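One structure is given below, encoded as structure tokens.
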Amino acid sequence: MYSRLHYISSGDTSDQQIDRIWQALDAGADWIQLRGKQLDKKTFTQTAQQVKKLQEQYNFIYIINDHPAIAAAVDANGVHLGLEDQDIAEARKLLGAHKIIGGTANTITDVQQRIAEGCQYIGLGPLRFTTSKAKLSPILGFSGYESIFQQLQEQPHPPIYAIGAVGPADIGALRTIGLHGIAVSSLINEATDKKHCIQHLQSSLHGTFTATR
């Protein structure tokens, strides 16, 4: 089963990216997605290689955002692709059957597309406005998630994660709706006690919930 808590990296420089990823891992994160929109391809590749080396010390799933070729080159565990990124089928040919491919979605149509494409998990959102993504899709809110899951009904689907300024207080309602987990960045980056933050999130994500919003 995939981790319920995904950490998405951020940072304007390679050093900042590596430092934040290291801190998240040291605090107990077990799923890392390297996302470096501000980095040029050469720097991103070098950063990806450095993150790969961290698997010698930490046990985590390593996903690379946007770049299947780089994911293949550094032997990451998989790739996450946006709706405007490389075709899922092409990425699968490049990476092989054993690697993880996740995809972003914003609407029920996107979710159905991702299911048809064979994505192994889906990042669905945003829940609310976030500054961590430049080209933000329309805000879903809780009602948007509810509508999408109602339309999915009993249709088999991969784990779906809430993205977009998700906070600890949102977890109960999101899990009740049907979300498998959450993907966060600044929530962990800005935590004073990152270990406590991750432990609290993991505990909440594995609990039994009744929506309280």
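Just so you know, my numbering puts 988 at position 61 of the sequence shown, and the rest follows in order with no gaps. Ideal Cβ positions, reconstructed from N, Cα and C, are used throughout, including at glycine. Computed from a prediction, not measured in an experiment: that's the story for all the values here.
Secondary structure of residue i, DSSP reduced to three states
i, result
"isoleucine 1098", "helix"
"tyrosine 1072", "helix"
"alanine 951", "helix"
"valine 1093", "coil"
"threonine 975", "A small fix is needed here, since residue 975 is alanine in this sequence, not threonine. Helix at alanine 975."
"leucine 932", "strand"
"alanine 1043", "helix"
"glutamine 1080", "coil"
"aspartate 1132", "In the sequence on display, residue 1132 carries leucine and not aspartate. Leucine 1132 falls in the helix class under three-state DSSP."
"glutamine 965", "coil"
"leucine 1051", "strand"
"isoleucine 1066", "coil"
Rounded C-alpha distance that separates residue i from residue j
i, j, result
"serine 1131", "isoleucine 1098", "7 angstroms"
"glutamine 944", "isoleucine 1104", "33 angstroms"
"glutamine 1039", "threonine 1031", "11 angstroms"
CB contact flag (residue i, residue j, <7 angstroms)
i, j, result
"glycine 1050", "alanine 1110", "yes"
"isoleucine 1005", "lysine 979", "The question names isoleucine, yet the displayed sequence has glycine at residue 1005. No, the Cβ-Cβ distance between glycine 1005 and lysine 979 is not below 7 angstroms."
"alanine 1089", "glycine 1134", "no"
"tyrosine 1048", "tyrosine 929", "yes"
"glycine 955", "isoleucine 1125", "yes"
"isoleucine 1042", "histidine 1084", "yes"
"leucine 1101", "isoleucine 1087", "no"
"leucine 1054", "valine 1093", "yes"
"isoleucine 988", "tryptophan 958", "yes"
When the Cβ atoms of the region 1012-1025 are set against those of the region 987-997, are three or more pairs found closer than 8 angstroms? A contact exists between the region 1012-1025 and the region 987-997.
With three or more C-beta pairs closer than 8 angstroms as the rule, is the region 997-1008 touching the region 971-979? Yes: the two stretches touch, three or more of their Cβ pairs being nearer than 8 angstroms.
Does the region 1110-1129 touch the region 1064-1077, meaning 3 or more C-beta pairs lie closer than 8 angstroms? Contact between the region 1064-1077 and the region 1110-1129 is not established, with fewer than three Cβ pairs separated by less than 8 angstroms.
List in chain order: all unbroken beta strand (DSSP E) runs of 3+ residues lying wholly within the region 984-1030. As far as the region 984-1030 is concerned, its whole beta strand (DSSP E) runs of at least 3 residues are 988-992, 1005-1008.
Would the region 960-974 count as touching the region 930-942 if we require 3 or more Cβ pairs under 8 angstroms? Cβ pair count under 8 angstroms is three or more, so yes.
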